[in-house]
Structures are given as structure tokens and as C-alpha cells.
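Written below as C-alpha cells is the structure these notes are about.
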Amino acid sequence: MTNQISVTQQEGYIQVAFTAMASPCYLLIEGDDVTQHQKLIKHTIKEVQRLEQKLSRYVLDSVCTQINVSNGNPVKIDTETYNLFKYAQELYDVSDGLFDITSGALSQVWTFDENLVTPTQEAIDRVLPYVGWTKMTVKPDSITLPQGMEIDFGAMGKEYAVSCIAKAGRELAPKHSILINIGGDIEISQKRSDGEKWTVDIERHNQEPLRVKFDRGAMATTGDLHRFVMIDGERYSHILNPKTGWPIKQSVSTVTVTAQTCIQAGSIATLALLKGDDTESFLEKQTGIKYVVNHY
Numbered sequence: 228m229t230n231q232i233s234v235t236q237q238e239g240y241i242q243v244a245f246t247a248m249a250s251p252c253y254l255l256i257e258g259d260d261v262t263q264h265q266k267l268i269k270h271t272i273k274e275v276q277r278l279e280q281k282l283s284r285y286v287l288d289s290v291c292t293q294i295n296v297s298n299g300n301p302v303k304i305d306t307e308t309y310n311l312f313k314y315a316q317e318l319y320d321v322s323d324g325l326f327d328i329t330s331g332a333l334s335q336v337w338t339f340d341e342n343l344v345t346p347t348q349e350a351i352d353r354v355l356p357y358v359g360w361t362k363m364t365v366k367p368d369s370i371t372l373p374q375g376m377e378i379d380f381g382a383m384g385k386e387y388a389v390s391c392i393a394k395a396g397r398e399l400a401p402k403h404s405i406l407i408n409i410g411g412d413i414e415i416s417q418k419r420s421d422g423e424k425w426t427v428d429i430e431r432h433n434q435e436p437l438r439v440k441f442d443r444g445a446m447a448t449t450g451d452l453h454r455f456v457m458i459d460g461e462r463y464s465h466i467l468n469p470k471t472g473w474p475i476k477q478s479v480s481t482v483t484v485t486a487q488t489c490i491q492a493g494s495i496a497t498l499a500l501l502k503g504d505d506t507e508s509f510l511e512k513q514t515g516i517k518y519v520v521n522h523y
């Protein structure tokens with residue numbers, strides 16, 4: 228996480244810009260008196276940094292890394308980590324195993340960078356035995372991950388951090404609305420006191436951004452707008468099927484979902500993309516959400 232933090236006064240709100248979780252981040256606070264929000268600003272930076280240090284598989288001493296290098300030995304966890312694993316299990320269950328945070332080992336054969344070479348089926352078959360939620364033992368105070376397996380909180384870490392900051396905003400700035408944006412995943416703490424709505428742009432494939440206004444709840448977007456692979460002339464998402472080890476073939480570019488909390492919105496958007504050709508039919512069945520599907 229970078230130490231560069233920019234605080235500027237915009238029309239009607241204060242903008243705090245920083246970088247974390249390999250993403251641009253913005254904290255928008257209703258009003259114009261930055262001095263009364265120093266506690267919230269400091270807490271936001273500290274909390275996002277704490278969660279990145281805890282959940283990132285790229286941080287050497289993170290809880291995620293400790294579990295991944297445990298060689299099959301139990302790793303002690305706290306209540307927060309256990310609750311994240313419980314939520315991940317719920318997503319695993321409702322997705323029939325398509326949402327699986329134990330799919331981290333697949334990154335050994337899929338990099339989705341400029342040096343990507345499509346792996347052979349043989350290479351994928353060598354990694355697949357190290358994927359599978361049911362092979363892991365989850366207890367309230369410990370996680371036991373078989374040697375060679377890897378977990379990855381990438382599909383829920385940013386969204387969880389956003390929801391944590393929005394909750395803090397309700398406690399530390401009860402009379403002001405805040406909007407927290409981490410890499411495009413957004414949540415609003417409460418309605419603005421001036422009656423105005425926050426304006427957010429949704430990035431779209433080969434189109435102008437879609438501008439929306441909302442005053443409560445959360446929004447998350449997932450898709451292959453920037454990370455994808457072409458195989459035999461067809462476009463595949465960077466989202467992998469943990470059962471086959473191959474990318475999901477997408478019929479849509481991105482899915483944006485609004486829900487009560489960011490972690491809910493992000494989970495539904497990811498589950499929708501995991502459905503492949505059934506993305507939109509899945510979204511139509513969900514209650515309490517709105518969504519935008521961006522086609523190629």
C-alpha cells in the first residue's frame with residue numbers, strides 16, 4: 228500500500244485519494260470541513276491497510292500466506308477470518324462449487340498477464356488435485372489446508388474492506404454521508420443530509436461510461452473488461468472454473484450489481500459471471516438488487 232494520500236475539497240464533498248489492494252481508492256465525505264473528519268480518514272487508511280496485510284496472498288506475513296505455506300498444519304485464526312471462511316462456504320454451496328477460494332493453485336498455470344501462454348490440459352490436470360473446498364478443514368479457531376493447496380481472497384477482499392469502511396463511516400461520521408470506492412467497488416454509509424445523490428460512472432466495453440446516481444447501498448462490478456484470454460479465437464474470462472481449471476466462457480463483458488452491502492453486491496456479480504451463458508437468468512432470480520449487464 229502506498230503512503231501517498233491526497234485530500235482535496237470538491238464541490239459539496241471532501242475527496243481522499245490513495246492506493247491500496249493494487250487499486251485506486253477514494254473516500255468521499257459529504258461537507259467541507261476536513262478537520263472534523265480526521266479520525267475517519269485515519270481509520271480508513273489504517274483499516275484498508277490492515278485488511279490488505281491480512282488477506283492478500285502477495286503479502287509474506289498475511290494470514291492468507293500463513294495458511295498457504297502451512298504444509299498441512301493447522302493455522303490459528305481469529306473470529307473475523309473465520310466469518311470470512313463461513314461466508315466463502317455459503318458462496319461455495321449456493322454456486323454448486325463454482326465459487327471456491329481454494330482455487331489459488333490454478334494461478335500457477337494461469338497468469339493472465341502479457342506473458343500468458345495457454346497451459347496444456349496436462350499442466351492443468353497436475354494442479355486440479357490441489358483445488359477443492361471439501362479438502363480443507365475449517366474450525367472456529369483454525370484452518371487446516373492440505374500441502375500444495377492455496378487459498379485466495381481476491382474475489383471478496385476488496386468488497387469486504389469497502390463494507391467495513393462504510394460501517395465505520397456510520398459510526399465516526401453519523402451526520403454525514405460517505406462513499407468509499409476501492410477499485411470500483413463502492414458503498415455509501417447513509418443518505419446525504421443535503422438531499423443530493425452521489426454520482427458514479429460504470430465502465431462499459433466500447434461505450435461511454437454509464438452515469439448513475441444513488442444515495443444508499445453498494446455497487447460492485449466484475450468481468451473481463453481488462454483481464455481475459457483468447458483461446459482458439461474465442462474470448463474467455465479471467466474467472467476460472469475450479470472444477471475444470473479452465474476460464475469461464477463469457478457471454479457478457481461485465482456485470483454491475485447494486486445491493487445493501489458491497490460484499491453482497493460483489494458476491495452476486497461474481498456468482499452471475501460464474502454461470503456463463505446463464506448470467507442474466509441468474510440475476511433475474513435475485514431479490515433486493517439492481518443490475519447492469521454489459522455485452523461485448
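If you want this note's numbering, it's the position in the sequence shown, counting the first as 1, plus 227. Even for Gly, the Cβ is constructed at its ideal location relative to N, Cα and C.
- Counting C-beta atoms within 10 angstroms of its own C-beta, ALA499 has 16 or more neighbours from the protein chains shown and is therefore classed as buried.
- Following the DSSP letters along the chain, one finds TYR240 inside the beta strand (DSSP E) bounded by residues 240-247.
- Annotation for ARG353: no beta strand (DSSP E) segment contains it, though the alpha helix (DSSP H) segment containing it runs 348-354.
- Sequence-distant partners of LEU399 (beyond 5 residues in either direction) whose C-beta falls short of 7 Å from its own C-beta, in its chain, are LYS266, LEU267, HIS270.
- Secondary structure within the segment 456-509: the beta strand (DSSP E) runs of 3 or more consecutive residues, fully enclosed, are 461-467, 474-476, 481-486 (chain order).
- Taking a contact to require three or more Cβ pairs closer than 8 Å, the segment 341-352 and the segment 477-494 do not qualify as touching.
- Under the three-state reduction of DSSP output, ALA400 falls in the coil class, being neither helix nor strand.
- If only uninterrupted alpha helix (DSSP H) runs of at least 4 residues are considered, those enclosed by the segment 255-333 are 265-282, 290-295, 306-321.
- The three-state reading of DSSP puts ALA445 in strand, counting E and B together.
- Assigned with DSSP and collapsed to three states, GLY450 falls in strand.
- By the neighbour-count criterion, in which 16 or more other beta carbons inside 10 Å mark a residue as buried, VAL321 falls on the exposed side.
- Within its own chain, the residues whose Cβ lies closer than 7 Å to the Cβ of GLN513, once the five positions on either side in sequence are excluded, are ILE495, listed in chain order.
- Beyond the five residues adjoining it in sequence on each side, GLY503 comes within less than 8 Å, by CB distance, of ILE475, LYS476, GLN477, SER478 in the same chain, given in chain order.
- Of the residues assessed, GLY515 falls on the exposed side of the cut-off, its CB having fewer than 16 other CB atoms within 10 angstroms.
- Counting C-beta pairs closer than 8 Å gives fewer than three between the segment 275-294 and the segment 421-430, which falls short of the contact rule.
- Around the beta carbon of PRO469, 16 or more other beta carbons sit within 10 angstroms, so the residue counts as buried.
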